[in-house]
Amino acid sequence: MPAKKHPKREEFEAQRGEWLNDLPPNYAGIVTHYRPDLNKRRIWDVRHGNIVDMDILGELRRVAREAKAARAVAA
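Be aware that the sequence shown starts at 17, since it is given in my numbering, and climbs by one per residue.
Below, the structure written as structure tokens:
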């Protein structure tokens, strides 16, 4: 089985920047509600760019996308 491809730090930062402003203030609680196996501290570290974890990155993107859609419907 081939090893997973991990993005370079620059690519990761570019991906984070696209949706970072769409995250609601309670993003860690939302992610851990749906994924109790994830650690809030680790989620915070990914959000602030201290570590690279594509699994958590995917969850944060989902939360940001849903929050953005909810704001668009409310407006």
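Ideal placement from N, C-alpha and C gives every residue a C-beta, glycine not left out. Note that the coordinates shown come from a computational prediction; the quantities given were computed from them, not determined experimentally.
As the crow flies, the alpha-carbon of Tyr43 is around 17 Å from that of Ile67. For the pair Leu39 and Thr48, the CB atoms are not nearer than the 8 Å cut-off.
Annotation for Ala83: the continuous alpha helix (DSSP H) segment containing it runs Met70 to Ala90. DSSP places Ile67 in the coil class of the three-state scheme, outside both helix and strand. For Leu73 and Arg81, the gap between their C-alpha atoms comes out near 12 Å.
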